[in-house]
Structures are given as structure tokens and as C-alpha cells.
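Read through the structure below, which is laid out as C-alpha cells, and then see the notes.
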Amino acid sequence: MRRSIILFLLFLTAAIAKGETVSIDSLDKVLAKRDHYVRLKEQTIERLKSKLAKTTIPTERLKHLNSVYEEYSTFRFDSAMAYADKLHGEARRAGSTDYANLAIIHKADMLTTAGLFHEALGCLGSISREEIPDWILPDYYMVYEWCYGVLAEYAEGTAYSEGYHAKENVYLDSLISVLQEGTASWYYMKAEQEIKRNDHCKALELYEKALSGVAVYERLYAQITFGMASAATALGDKKMRRDYIVRAAISDQICPLKENLALQTLALDMVNDETPDYERANMYLDYSLDDAIFFGNRLRLLEISRKIPSIVNNYERQLVERNRQRGYVIMAVGVMAVLLLVVAALLFVDHKRVKKSRLALTVANESLRVAMEKAERTNASLDSANKELLLMTRQRESVISMFMELTAAYIAKLTHFQTTVQRKVKANQVADLMKLANPSRMTEAEAKEFFNNFDKAFLLAFPDFIEKFNALLQPESRISLGMGGAMNLDLRIFALVRLGINDSAKIAVLLNYSTQTIYNHRSMVKAKAIRKETFDEDVMNL
Numbered sequence: 060m061r062r063s064i065i066l067f068l069l070f071l072t073a074a075i076a077k078g079e080t081v082s083i084d085s086l087d088k089v090l091a092k093r094d095h096y097v098r099l100k101e102q103t104i105e106r107l108k109s110k111l112a113k114t115t116i117p118t119e120r121l122k123h124l125n126s127v128y129e130e131y132s133t134f135r136f137d138s139a140m141a142y143a144d145k146l147h148g149e150a151r152r153a154g155s156t157d158y159a160n161l162a163i164i165h166k167a168d169m170l171t172t173a174g175l176f177h178e179a180l181g182c183l184g185s186i187s188r189e190e191i192p193d194w195i196l197p198d199y200y201m202v203y204e205w206c207y208g209v210l211a212e213y214a215e216g217t218a219y220s221e222g223y224h225a226k227e228n229v230y231l232d233s234l235i236s237v238l239q240e241g242t243a244s245w246y247y248m249k250a251e252q253e254i255k256r257n258d259h260c261k262a263l264e265l266y267e268k269a270l271s272g273v274a275v276y277e278r279l280y281a282q283i284t285f286g287m288a289s290a291a292t293a294l295g296d297k298k299m300r301r302d303y304i305v306r307a308a309i310s311d312q313i314c315p316l317k318e319n320l321a322l323q324t325l326a327l328d329m330v331n332d333e334t335p336d337y338e339r340a341n342m343y344l345d346y347s348l349d350d351a352i353f354f355g356n357r358l359r360l361l362e363i364s365r366k367i368p369s370i371v372n373n374y375e376r377q378l379v380e381r382n383r384q385r386g387y388v389i390m391a392v393g394v395m396a397v398l399l400l401v402v403a404a405l406l407f408v409d410h411k412r413v414k415k416s417r418l419a420l421t422v423a424n425e426s427l428r429v430a431m432e433k434a435e436r437t438n439a440s441l442d443s444a445n446k447e448l449l450l451m452t453r454q455r456e457s458v459i460s461m462f463m464e465l466t467a468a469y470i471a472k473l474t475h476f477q478t479t480v481q482r483k484v485k486a487n488q489v490a491d492l493m494k495l496a497n498p499s500r501m502t503e504a505e506a507k508e509f510f511n512n513f514d515k516a517f518l519l520a521f522p523d524f525i526e527k528f529n530a531l532l533q534p535e536s537r538i539s540l541g542m543g544g545a546m547n548l549d550l551r552i553f554a555l556v557r558l559g560i561n562d563s564a565k566i567a568v569l570l571n572y573s574t575q576t577i578y579n580h581r582s583m584v585k586a587k588a589i590r591k592e593t594f595d596e597d598v599m600n601l
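Put into C-alpha cells, the structure is as follows:
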């Protein structure tokens, strides 16, 4: 498992390095391994905690505490706050003003993430600029810039917005001035500066330079690619926007960053596409909700909760349409059931007529003793025919009974499903609704029940089908029934052909396989036929 993930990351990194477009399928593959990335993150944190527990040297402990905080800062909100407080406490006991101030900056960063802007600015305001060494200044200015930037977004359209933007730009300039020129972080912040100046082409150039030195498993990669998606949006390039949002979402999962925005942005984009993908959008928003709950960010949970209704409403409309289509199917099944009942009634009348004829022949035999020998032969022949007819009638009655039971079961299941969906929608239980509303494939139990019923019904109606079908094949290629009299896929395919369903696509739908699989199996069996040219016609005439 670990080896396959490493190979996948190498392949993905190589594709990204070449500038190739990253597909949605690549994101889905990463999402399928998200639990593994979380375990890797937790293992990294445990190793750092182990180092912390093994040392009593104050300076080493402060470094390890800061490292644990850095890992938690985008992974677990409560844990990050706890380790920021631990770092501050130990720094004060050790007499380290630098680490004490760094801990306050960390706390302000997390408070900003939670939307507690007043408290965050209060923390930053408690630090004297003159006490901050050069190595901490980037964090100091970055948190200030981040806090005022988010404040400006929330105050958009009010009289306060312009003032917040002005302070954001001041701290952005200060941040760039203390970053080492030519580094990925420097290029990224310069690009952010150009975005604020509405020079999106220049911003993209700077983002590209920043991205060239950053790996997909680094947090900065997700920040850069999300910024590039925003620039592409301003330039009206939808294809570029989609590509970079997907890259950002992949990076968020690999890092993994539980404080993320790319996946929910991608979900909303999919809802607004020309051909909306509501099912995938709902899945991505569900993942985003899981991440926000895992991280413990109430502000992000509130943001996602505002986006859920639009996707759920559209998905609900899609489910209503599917249910309407199922209603048509049930109506068709009902009509077929009525027709079968009519056929059964006709057979019953015919059976009574034959029975009366047999009684009449018996009386005639008594009256015509001279023709006794001939009458006995005739009676024996009629008796044999009557037994065959009785057997056929019982078989068809069994098929009709089995069909009606199956129809009743599916009507009950659909009624229960519709009731459950209505209840879940009214209760806004989106996660439960999504588990119920994935009808793309039958469950294993449903498939097994369907095939068992089909096998029994077909072999009741055509008891000599297997024998006659094998007579069309080469002796060494003949097929036997499986355990319990079950037919295999090849026998079921040609059983449907015998029933007049010759289209591989229709057979694929009925047997829950792909059209290509059905075509391949038909070709392989046909290759073993004695008369290949007329094989399908021969099967239909069995």
C-alpha cells in the first residue's frame, strides 16, 4: 500500500512538473487514500512528541514544541491552540522572550482562522515590535496581513472595508521586505501583491516562479495553486481555473491540510458547470465538511453549511427524476404481470377443455369395445400429451407466482426508499441521504437474489435449455450448471438471447455488467460453437 502511494505521488509530481493538466480522476484517487495521508501526518506528530518527551534541555524543548504546533496548525485547531499555550508557558519559564512572542503570534494566527479577529489583534498588539528578532518577523507580519485581509473580506461593502484593506497592504509590504528575495515565499507574496493591484498576468508569472521550487506535499503548493486559480478566474480562463483548483485540492489532501478551501470551491464550480455533476459535488462538499469537523473550525463549518442547500436541492431534484423513471418501470412491470395473468387464465381454460376431452374419450372407449386396442393407443397418446401440458402449466404458474412475489418485493422496497428519502430531506440529514441515494449499482445481496430468481424462472420455463445449448457447442467446451443449479454468466447471456434479447447493451443492463464484458463473453462462447455463422439464431430457436 505504501509503495503504491509513493509511486502514485511520483507519477503525479512528474505530471505536474511537466505542466500537464491534472484530471478530476487524479483527485479522486488521492481522496480514496485520504485516511492513509492522515495516518502519516499523525505518525509525524507522534515522532515529534516522542522527541519532546525525551529531552529536558529548554532550547530543544521549545524547538520541538514549535514543530508540533506547526504540524497541528492546519490539522487540529484545539491541539494547535493547546501547543501554542504550552510553547508560551515553557518559553516564559525558560526566559525566552523570542519563543514567548512566537507563541503569541501562533495563537493570533489560530484565532484569525476561527474568525476571532478582535482577540487575534489583541494578541498581536500585546507584542512590542522592537522585541521581535528577524527570524520571527515574517510570521509576525504574515499574521497581521492575514487577519486584516480576512477582516476586509467580511466587511466588504461597508465603510470599514477600505481601512482594513489599507492595513492589509501595509503589512503585506512589510512582509515582502523581510522575506529573502528569490525564494518561493517571496515570489508568492509578490504575486499576492499584484493580485491586489489587479495585474493578474503579472501575478501568474510570479506564481509560476514560486511554484517551480515547491513540492505538491507542501502547504505553500496549495496556497500558490489556489492563488493561480483566482488569477485565472479574473482572466476568464475557466480551464486554467479548474486545473489549478484541482491541484490545490490534491495538495490539501496529501499534506494533509484539514483547514482547506479548494475542495468546497471545486464542488460549487461543478454545480455551476454547463453539465452539472451534482453527485460528485455533493461528495466533495461532504469531504470538506468532514475536514472542517476534524479540524474543529466553527467558522469553516458555518461557511460550508451555507453552501450545502444549493447542492442538496439540485441533487434532490435529480433523485425525484430518477424516482419518476422508476415509477414508469413499475407501471410497465404491472402491465406485464396483468398480461401474464391473462395468459395463465387462457392456459387454465385450455387445460379444462383437454380434461373434458379425455373424459369424453373414456366414455367413447367404453361404448366402442370393438376399437379397444386403437382407443387404448389413442388414450395413451392423449394422456402423455396431457401430462406434458400439465407440467408446462405448473411450470408457467410457478414462473408467474415467482414474478409476482418479486414485483411485490421491489414495490415494497421502492415505497420504503421514497419514504426514507422524504424523511431525510425534511430532517436535512444530508450525509444519511447520500448513503441511501447511490443507486448506480445493485448490492451483492440484491444481485444474488435477482440472479437466483432468474435462473429458477428460466430453467422452469426451459428445463432442457442446458442440454440443447450444449449440443450447439464443441464437446470439450460444454457448460454445466454451478452449485445449487445456478447458471454462470455465459449461460445467463444466452438465456436472455433465447428470450429474444439480442442487444449486448440491454443484456449488460439486465446482468449488471459492462457492454464490453457482455460482448467479450458472447464472442468467446461463439468461438466454441459447432456452427459459428448461425449460432445466435440457433440459440433463439432452442
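Numbering-wise (this note's numbering), the sequence shown opens with residue 60 and increments by one. Even for Gly, the Cβ is constructed at its ideal location relative to N, Cα and C.
Notebook entry, point to check: Out of curiosity, what's the CA-to-CA distance linking residue 226 and residue 199?
Noted result: Going from the Cα of residue 226 to the Cα of residue 199 covers about 14 Å.
Next item on the list: Decide if residue 102 is buried, meaning its Cβ has at least 16 other Cβ atoms within 10 Å, or exposed.
Entry: By the 10 Å Cβ count, residue 102 comes out exposed.
Next item on the list: Tell me whether residue 499 sits in a helix, a strand or coil according to DSSP, three-state version.
Entry: For residue 499, the pLDDT reaches just 49, beneath the cut-off of 50, and the residue's location in the model is therefore unreliable, although a value from the coordinates is still provided. DSSP places residue 499 in the coil class of the three-state scheme, outside both helix and strand.
Check: Would DSSP call residue 348 helix, strand or coil?
Finding: Helix, per DSSP.
Item checked: residue 568, buried or exposed, once every other Cβ within 10 Å from all chains shown has been counted against 16 -> With fewer than 16 other Cβ atoms within 10 Å, it is exposed.
Note to self: So the candidates are 121, 94 and 88; which of them puts its Cα closest to the Cα of residue 107?
What the structure shows: Nearest option by C-alpha distance: 121.
Next item on the list: Go through the segment 520-597 residue by residue and report every complete run of the alpha helix (DSSP H) that reaches 4 residues or more, in order.
Entry: Every unbroken stretch of the alpha helix (DSSP H) spanning 4 or more residues and falling wholly within the segment 520-597 is given here in chain order: 524-530, 548-557, 563-570 and 574-586.
Check: What did DSSP end up calling residue 275 once you bin it into helix, strand or coil?
Finding: Assignment of residue 275 by DSSP, reduced to helix, strand and coil, places it in the coil class.
Note to self: For residue 527, which residues in the same chain have their Cβ closer than 6 Å to its Cβ, ignoring the five residues on either side in sequence?
What the structure shows: 601, listed in sequence order.
Check: How many angstroms separate the CA atom of residue 507 from the CA atom of residue 571?
Finding: If I take the Cα positions, the gap works out to 11 Å.
Next item on the list: Count the other CB atoms, across all protein chains shown, that sit within 10 Å of the CB of residue 194; report buried if there are 16 or more and exposed otherwise.
Entry: Counting C-beta atoms within 10 angstroms of its own C-beta, residue 194 has fewer than 16 neighbours from the protein chains shown and is therefore classed as exposed.
Next item on the list: Tell me whether residue 174 sits in a helix, a strand or coil according to DSSP, three-state version.
Entry: Per DSSP, reduced to three states, the secondary structure at residue 174 is coil, with no helix or strand assignment.
Check: What's the C-alpha gap between residue 260 and residue 345?
Finding: So the alpha carbons of these two residues sit roughly 34 Å apart.
Next item on the list: Under the assumption that residue 591 contacts residue 532 (Cβ atoms under 8 Å), give the Cβ distance between them as a whole number of angstroms.
Entry: Actually they are not in contact, since the Cβ atoms of residue 591 and residue 532 sit about 11 Å apart, beyond 8 Å.
Item checked: Same chain, Cβ closer than 6 Å to residue 483, neighbours up to 5 away in sequence not counted -> 491 and 492, listed in sequence order.
Notebook entry, point to check: So residue 316 packs on residue 269, CB below 8 Å; how close in whole Å?
Noted result: Under the criterion of beta carbons closer than 8 Å, residue 316 and residue 269 do not qualify as touching, at roughly 17 Å.
Checklist line | Cutoff 7 Å; reference residue 190; Cβ partners in own chain excluding five residues on either side | finding: Contacts found: 156 and 160.
Notebook entry, point to check: Of the residues 206, 171 and 117, which one's Cα is nearest the Cα of residue 152?
Noted result: Closest option to residue 152, Cα to Cα, is 117.
Check: Is the segment 120-138 touching the segment 316-330, taking contact as three or more C-beta pairs under 8 Å?
Finding: Output reads yes: the segment 316-330 touches the segment 120-138.
Notebook entry, point to check: Does at least one heavy atom of the ligand PLP sit under 7 Å from the Cβ of residue 321?
Noted result: Ligands in the displayed structure: none, and consequently the ligand PLP is not present.
Next item on the list: Determine the contact status of residue 124 and residue 111, defining contact as a CB-CB distance below 8 Å.
Entry: Taking 8 Å as the Cβ cut-off, residue 124 and residue 111 qualify as a contacting pair.
Next item on the list: Measure the alpha-carbon distance for residue 263 versus residue 231 and round it to whole angstroms.
Entry: A direct Cα-Cα distance of roughly 18 Å separates residue 263 from residue 231.
Note to self: Please list the terminal residues of the continuous alpha helix (DSSP H) segment that includes residue 136.
What the structure shows: Segment 136-153, the alpha helix (DSSP H) holding residue 136.
Margin query: Just to confirm, is the Cβ distance from residue 162 to residue 146 under 8 Å?
Written below: Between residue 162 and residue 146, the C-beta gap is smaller than 8 Å, which places the two residues in contact.
Item checked: Buried or exposed by the 16-neighbour rule on C-beta atoms within 10 Å, applied to residue 65 -> Because the pLDDT of residue 65 is 42, which lies under 50, any placement of that residue in the model is unreliable, and the number read from its coordinates should be weighed accordingly. With fewer than 16 other Cβ atoms inside 10 Å of its own Cβ, residue 65 counts as exposed.
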